[in-house]
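Since the structure comes first, as structure tokens, the remarks are kept for the end.
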Amino acid sequence: MESWPDLLAFVHSVRAGSFSAAAREAGKTPSAFSKRVARLEEQLKLRLVVRGAGGLRTTPEGQEFYLRLQRAMDDVEEACAQAAQARAPRGLVRVSTQSDVGRDWLIPRIASFTRMYPQVELELSLSDKVVDLLSERFDVALRVGEIEDGRLTRRPLGRFRNCICAAPSYIRERGIPRTTREQAGHVWLAYLRGNRQEAWDPTTQQRVVIRAPYAADSNAALRQLALDGLGIARLPELTVLEELRRGALIRLPLEGPEEEGTPISLVFPQGKQLASRVRAFVDFFADEARRSLPQARALGR
């Protein structure tokens, strides 16, 4: 409607009591409001307001016109609000994630996501088994490592390092193994893979089979053993960020090349338009990764 700006100028001027007050609220000049109202009166062939030193006063016809316009604008505002609500992401998003990264990084951020998107429901599956998103009908997965499934689209979040760390109590008792020779004399917490106990050799950048006093098939268990001062652990850094920040675990500057880091990604089925609820999930956690993952910030620059 070509006269819509003039109608708005009339309503705002009557509501504010003067062209000057309406102009101040809108950041425009009083003459701009006066000209728009005059143009509206000319178009309607009707006097709507009386201009005076004390401000604006509506004529009887102008007052009736103002009240009708006010009701119409209230309806427009309500219609816009309902339309915006209809566009807001809503519905169920089914998410698959590996156990450690899901428990330690994804789940602590779900409350923030829900506050932003209250109409989106989530089903979270935490498993170290790599699921088939298509056959098991997942919308999105948080994956650690390289993605080899060509049916999936990958949204890279960054890379995270694995961290070799120990508790301050262990370091006070045993010291920091700075050389390869010193590393051999320390207690390494082993990852239990089947019936094999494995630890990371910083020098060769490979897993080696060892016999350790403590072993577990869960990074959460190894983290707790490390926190209790029972040995040195190699853990995904994103699962011990808080412990590193508050000094409950200390990163050890061991001899050997620095690890490149492991890629972490959100993946979803290729070749179809993402539903708004899934897009909201993907975008939200990509932003979270840029803020929180140590090596993800480089991807956001």
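One point on numbering: in my numbering, the residue at position 210 of the sequence shown is 238, and numbering is uninterrupted. Here a beta-carbon is modelled for each residue, glycine too, at the ideal position from N, C-alpha and C.
In three-state terms, what does DSSP make of residue 83? strand
In chain order, which continuous runs of the alpha helix (DSSP H) of length 4 or greater are located wholly inside the segment 101-171? 138-144
Rounded separation between residue 40 and residue 34 - CA only: 10 Å
Starting from residue 244, follow its DSSP beta bridges and name the residues at the other end. 219
Spatial neighbours of residue 266 in its chain, beta-carbon cut-off 7 Å, leaving aside the 5 residues before and after: 129, 132, 133, 188, 321
Who are the near neighbours of residue 205 in its chain, counting only those whose CB is closer than 6 Å to its CB and skipping five residues on each side? 211, 214
Can you name the residues that DSSP bridges to residue 225? 220
Apart from the five residues just before and just after residue 192, which ones in its own chain have a Cβ nearer than 6 Å to its Cβ? 262, 280, 282
Measure the C-alpha to C-alpha separation of residue 308 and residue 141 and round it to an integer number of angstroms. 9 Å
Smallest Cα separation from residue 306: which of 91, 122, 241? 122
Counting pairs of Cβ atoms below 8 Å between the segment 170-185 and the segment 288-303, do you hit three or more? yes
Relative to the C-alpha of residue 241, which candidate in 254, 217, 247 has its C-alpha closest? 217
Kindly identify the DSSP beta-bridge partner or partners of residue 290. 188
Drop a sphere of 10 angstroms on the beta-carbon of residue 251, count the other beta-carbons inside from all chains shown, and report buried for 16 or more, exposed for fewer. buried
Taking the continuous alpha helix (DSSP H) assigned at residue 50, which residues delimit it? 47-54
Please state whether the Cβ-Cβ distance between residue 168 and residue 296 is less than 8 Å. yes
Limits of the beta strand (DSSP E) - the one that residue 263 falls within: 261-264
Are the Cβ atoms of residue 277 and residue 254 separated by less than 8 Å? yes
CA-to-CA distance, residue 172 to residue 126, given in whole angstroms: 8 Å
Coil, strand or helix - residue 199 by DSSP: helix
Can you look up residue 35 in the DSSP assignment and give me helix, strand or coil? helix
Looking at the structure shown, is residue 207 part of a helix, part of a strand, or coil, going by DSSP? coil
Identity of the residues DSSP links to residue 182 by a beta bridge: 295
Nearest candidate by alpha-carbon position, reference residue 153, set 166, 269, 89: 166
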